[in-house]
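Chemist: Mind looking over this structure? Questions follow.
Number of protein chains: 2
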Amino acid sequence: MLYLVGLGLSDETDITVKGLEIVKKASRVYLEAYTSILLVDQSILEKYYGRSIVVADREMVESNSDEILRDAETVDVAFLVVGDPFGATTHTDLVLRARELSIPVQTVPNASIMSGIGATGLQLYNFGQTVSMVFFLENWRPASFYDRIKENRGIGLHTLVLLDIKVKEQSLENMARGRKIYEPPKYMTVGQCAQQMLEIEDEKQEGVYGPESLAVGAARVGGRTEKFVAGTLKQLCDADEALGPPLHSLVLLGRRAHELERDYTREFAIDKEIWNTIWNRDYGKQ
Amino acid sequence: MLYLVGLGLSDETDITVKGLEIVKKASRVYLEAYTSILLVDQSILEKYYGRSIVVADREMVESNSDEILRDAETVDVAFLVVGDPFGATTHTDLVLRARELSIPVQTVPNASIMSGIGATGLQLYNFGQTVSMVFFLENWRPASFYDRIKENRGIGLHTLVLLDIKVKEQSLENMARGRKIYEPPKYMTVGQCAQQMLEIEDEKQEGVYGPESLAVGAARVGGRTEKFVAGTLKQLCDADEALGPPLHSLVLLGRRAHELERDYTREFAIDKEIWNTIWNRDYGKQ
């Protein structure tokens, strides 16, 4: 059996009781560690589970999944995923491959950022499609998020923006020379995200959002040090210190927001007066 | 401290290790049991936790929350919610009230149907806003879901439809006579939902969807007996037997669906040929 086990969002105790029992008994345990990360180190997980873990990088999951699935018709393999197992497309691929090999699959769901973001007080019913923001490079500034946000904003909905992480990346030079030397991990911050969003609006000029659009920055959602900062996109450009360490995400508000959402999020506002003024002017509309 | 603890979607072992520790130590334990239910009885939960549980009905949570929050400045109160604590508006209310009373609040996230539905193989990125479907009465057929689905379909997105449950409801007669006699619980099925959707399309005639629109019916998501049935809305009207016992939900597909989603969901199709034909005609478009 292949078990896809969600680990939740924060630390080693966010695994479900069901998931923990599976991990303890499985013949092999893999940890997918490139679409998201927990806030604790692998060694802490291994100690807590009483098991050693093989870290599965993108290459392994996408190109060498048969190694993960080896003998899984007869032995139990646990594939651990931060958050919920179906947060990322890659895991759908793995299940499709398991089906081809007639390997049974069972999923153990867990919290995902897509539901955990409800802790901002913004209602999950009022979210449109989720988008991703990648680190811009000098000559590569993918902006497909802009059109998606335009669609959400067009119907008054919030947008959850998931922020890029770079784990086990090689520099171009090291890649060219075939040196397996990896850069330190990089996690996009709310400030970087807000900045990139404003840059693209400046380029496109379609008025999808602007420096005064309200948003909530979120850090370490679901963790003991969870932190939210609410403000305009311009204010959030400088909110990284207040938010603290990774992982960060951002929610851009839609105009259809409800007053209960206002009351809840105002508590996190950098400047409650600015928050109220802009809210009353632009939000809470059907 | 007020702890909002998510229980996940299915049985007593879906609680997280962190959540279980809190429940075991809390002074009082409440279970919110009217916006969703687990697939196991309260007695099984009580035995598993080694604790007795007070079931909090809608009236208690919405009108008598101060009883739940009593002394929570000094003692720990655990408020258990099926799925994730922030799935329903009500819990935002409870937190706002706790804030007024200066009671600290901590949330323990868990799987929600809003992320668990990813087990259908439909990508969470491709979902628009979630809608609710209530049981129609003869003279009360709330159809606001229709406009929301129209918005989602307009931009090619999937729609998760959450289905009504009726727990601890009084008949009109018993209510009028002040008799605290409650009807047996009622859970909407995928068949009832598909039927009601088609009735409203028949009335409104805006072509938002039709009998040949593709959808996936889901039962007991995240549980050991999880079951998916894919087909047209017309086919799903008769799929309740295949799906089995509650809880059910439904996803109406958007045209922007990706071929990986097609390959994954086809496995659940009532008739793979019909699924393919309609898919190729109407879906997988940008």
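Line order of the protein sequences matches chains P and D.
For the first sequence, the residue numbers in the working numbering are 1 to 286.
For the second sequence, the residue numbers in the working numbering are 1001 to 1286.
Idealized CB from N, CA, C, for every residue including glycine.
Quick caveat, the model's predicted, so the values are computed rather than measured.
Going by Cα to Cα distance, which pick from A1033/D, M1060/D, R1028/D is closest to G1050/D?
Modeler: For the residues A1033/D, M1060/D, R1028/D, the minimum Cα distance to G1050/D belongs to R1028/D.
Chemist: Step through the CB atoms of chain P and report whether any lies within less than 9 Å of the CB of I1155/D.
Modeler: Output row for I1155/D: interface = yes.
Chemist: What's the gap between the Cα of V1082/D and the Cα of T189/P?
Modeler: Distance between the alpha carbons of V1082/D and T189/P: 32 Å.
Chemist: For G231/P, name the three-state secondary structure that DSSP assigns.
Modeler: Here G231/P sits in strand by DSSP.
Chemist: Starting from the Cα of G244/P, find the closest Cα among A176/P, D57/P, L233/P, F228/P and give me that residue.
Modeler: That would be F228/P, whose Cα lies nearest to the Cα of G244/P.
Chemist: Can you give the Cα-Cα distance for Q123/P and G1087/D, rounded to whole angstroms?
Modeler: Near 8 Å, if we compare the C-alpha coordinates of G1087/D and Q123/P.
Chemist: Return the bridge partner residues of Q192/P from the DSSP annotation.
Modeler: Bridge partners of Q192/P: none, in fact.
Chemist: In chain D, what lies closer than 8 Å to T13/P by C-beta?
Modeler: Residues of chain D passing the Cβ test: T1016, V1017, K1018, E1021.
Chemist: Does the stretch 159-166 of chain P come within contact of the stretch 117-133 of chain P, defined as at least 3 CB pairs closer than 8 Å?
Modeler: At 8 Å Cβ cutoff, the stretches touch.
Chemist: In whole angstroms, what is the alpha-carbon distance linking D76/P and N110/P?
Modeler: Each residue's Cα considered, the two are about 20 Å apart.
Chemist: Going along chain P in order, which residues have a C-beta closer than 7 Å to the C-beta of E1151/D?
Modeler: Those are I155, listed as they occur along chain P.
Chemist: Excluding sequence positions up to five away, which residues of its chain have a Cβ less than 8 Å from the Cβ of A1143/D?
Modeler: Correct list, in chain order: I1200, E1203, K1204.
Chemist: Going by Cα to Cα distance, which pick from A215/P, I155/P, K168/P is closest to Y34/P?
Modeler: The shortest C-alpha separation from Y34/P is found at K168/P.
Chemist: In chain P, which residues lie with their C-beta within 7 Å of the C-beta of S1112/D?
Modeler: Correct list: S115.
Chemist: Our contact map puts A1215/D next to L1236/D with C-beta atoms below 8 Å; I'd like the distance itself, whole angstroms only.
Modeler: The pair is a contact, with the Cβ atoms about 6 Å apart (cut-off 8 Å).
Chemist: Using only the alpha-carbon positions, how far apart do N1139/D and P1184/D sit?
Modeler: Straight-line Cα distance between these residues: approximately 22 Å.
Chemist: Just to confirm before moving on: does the CB-CB distance between K1234/D and A1269/D stay below 9 Å?
Modeler: The answer is no: Cβ separation not under 9 Å.
Chemist: Please classify E1206/D: does DSSP put it in a helix, a strand, or coil?
Modeler: Coil.
Chemist: Measuring only between beta-carbons, confirm whether Q1123/D sits less than 9 Å from chain B.
Modeler: Among the chains of the structure shown, chain B does not appear; the protein chains present are P and D.
Chemist: Kindly indicate if chain D contains any beta-carbon less than 9 Å away from that of Q170/P.
Modeler: Not an interface residue.
Chemist: If you drop the 5 nearest sequence neighbours on each side, which residues of the same chain put their C-beta closer than 7 Å to that of E206/P?
Modeler: If we look at E206/P and ignore the five residues flanking it on each side, its Cβ neighbours are K150.
Chemist: Along the chain, which unbroken stretches of the beta strand (DSSP E) at least 3 residues long are found entirely within the stretch 1124-1150 of chain D?
Modeler: The stretch 1124-1150 of chain D contains these whole beta strand (DSSP E) runs: 1131-1133.
Chemist: Kindly say whether N1276/D, judged by its beta-carbon, lies nearer than 9 Å to any beta-carbon of chain P.
Modeler: Not closer than 9 Å to any Cβ of chain P, the Cβ of N1276/D fails to qualify, so no.
Chemist: For my contact list, S1289/D and M114/P are in at a C-beta cut-off of 8 Å; report their separation, rounded to the angstrom.
Modeler: Given that chain D is displayed from residue 1001 to residue 1286, the structure contains no residue 1289/D and the question cannot be resolved.
Chemist: Could you spell out where the beta strand (DSSP E) holding V1107/D opens and where it closes?
Modeler: Checking the sequence, you will find Thr at residue 1107/D rather than Val. From DSSP, the beta strand (DSSP E) with T1107/D extends over 1105-1108.
Chemist: Among the candidates A1078/D, D1071/D, G1118/D, T1090/D, whose CA atom is the shortest distance from the CA of L1020/D?
Modeler: That would be A1078/D, whose Cα lies nearest to the Cα of L1020/D.
Chemist: Pick out whichever of L1252/D, V1251/D, L1031/D, E1226/D has its Cα sitting closest to the Cα of A1242/D.
Modeler: When each option's Cα is compared against that of A1242/D, the closest is E1226/D.
Chemist: Please look up how many angstroms separate the CB atoms of V1095/D and I1022/D, rounded, as I've assumed it's under 8 Å.
Modeler: 16 Å between Cβ atoms; not a contact.
Chemist: Beta-carbon of D1263/D versus every beta-carbon of chain P: anything under 9 Å?
Modeler: Interface residue, yes.
Chemist: Report the partner residues of R28/P according to the DSSP bridge assignment.
Modeler: Paired residues: V77/P.
Chemist: Can you tell which of Y264/P, R58/P, D282/P has the C-alpha that lies nearest to the C-alpha of L118/P?
Modeler: Per the sequence shown, residue 118/P should be read as Gly rather than Leu. Closest by alpha carbon: Y264/P.
Chemist: Along the beta strand (DSSP E) that carries S1043/D, what are the first and last residues, could you check?
Modeler: Taken as a continuous stretch (DSSP letters only), S1043/D belongs to no beta strand (DSSP E), being part of the alpha helix (DSSP H) at 1042-1049.
Chemist: Let me see if you follow: with CB-CB separation under 9 Å, is G1050/D close to chain P or not?
Modeler: So, not an interface residue.
Chemist: Quick one: is D202/P near chain D, going by C-beta distance under 9 Å?
Modeler: So, not an interface residue.
Chemist: With DSSP as the reference, label T1120/D as helix, strand or coil.
Modeler: Helix, per DSSP.
Chemist: Straight-line CA distance for K1024/D to I274/P?
Modeler: Cα to Cα, the separation comes out at about 43 Å.
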